[in-house]
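Below: one structure, written as structure tokens.
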Amino acid sequence: MYGTVEMPDGSGCVWGLGSTEIEKHVIPFLRVSKTEVDILQGNFPLIFNFVHAANHLHLKWVDYVGFDINEPVEHVTGELVRPIHRRI
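Read in numbering that gives the first Met the number 0, the sequence shown has 43 at position 44, and its numbers run on one by one without any break.
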């Protein structure tokens, strides 16, 4: 399950819920990933969010689908996260 929320500045905040079931279907998942992220992008010139800095698999995936990954920052929760963004 995933989606994009329009922000007041016209950008889109993307979100998604993952599952360990993806591990059983890696190749099909990767085959559709770029197309699905294009759909999430829609007409938003910029989409963004944060990835937990220790989640190396997620960071590899967001890089694969075209996100830029920024240096780690401290989230308001105290966790270390990496801001990600993708522009069209």
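Ideal placement from N, C-alpha and C gives every residue a C-beta, glycine not left out.
Remember, it's a predicted structure, so these values are computed and weren't measured experimentally.
Grouping DSSP H, G and I as helix and E and B as strand, with all else coil, what is L5?
On the sequence shown, residue 5 is found 6 positions in, with the first residue counted as 1. Residue identity differs from the one stated: residue 5 is Glu in this sequence, not Leu. Strand, per DSSP.
Kindly indicate the opening and closing residues of the beta strand (DSSP E) around F49.
The residue labelled residue 49 in the question sits at position 50 within the sequence shown. L45 to H51 is the span of the beta strand (DSSP E), which, as asked, contains F49.
Distance CB(I68)-CB(R86) smaller than 7 Å
In the sequence shown, counting from the first residue as 1, residue 68 sits at position 69. In the sequence shown, counting from the first residue as 1, residue 86 sits at position 87. Cβ distance not < 7 Å, so I68 and R86 don't count as in contact.
To the nearest whole angstrom, what separates the beta carbons of I83 and N48, a pair I think is in contact under 8 Å?
Sequence index remark: in the sequence shown, residue 83 carries index 84 (1-based). Sequence index remark: in the sequence shown, residue 48 carries index 49 (1-based). Right, the Cβ-Cβ distance comes to about 6 Å (below 8 Å), so this counts as a contact.
Can I46 and V4 be called in contact, C-beta distance under 7 Å?
Along the sequence shown, one-based indexing puts residue 46 at 47. Along the sequence shown, one-based indexing puts residue 4 at 5. V4 is positioned such that its CB atom lies no closer than 7 Å to that of I46.
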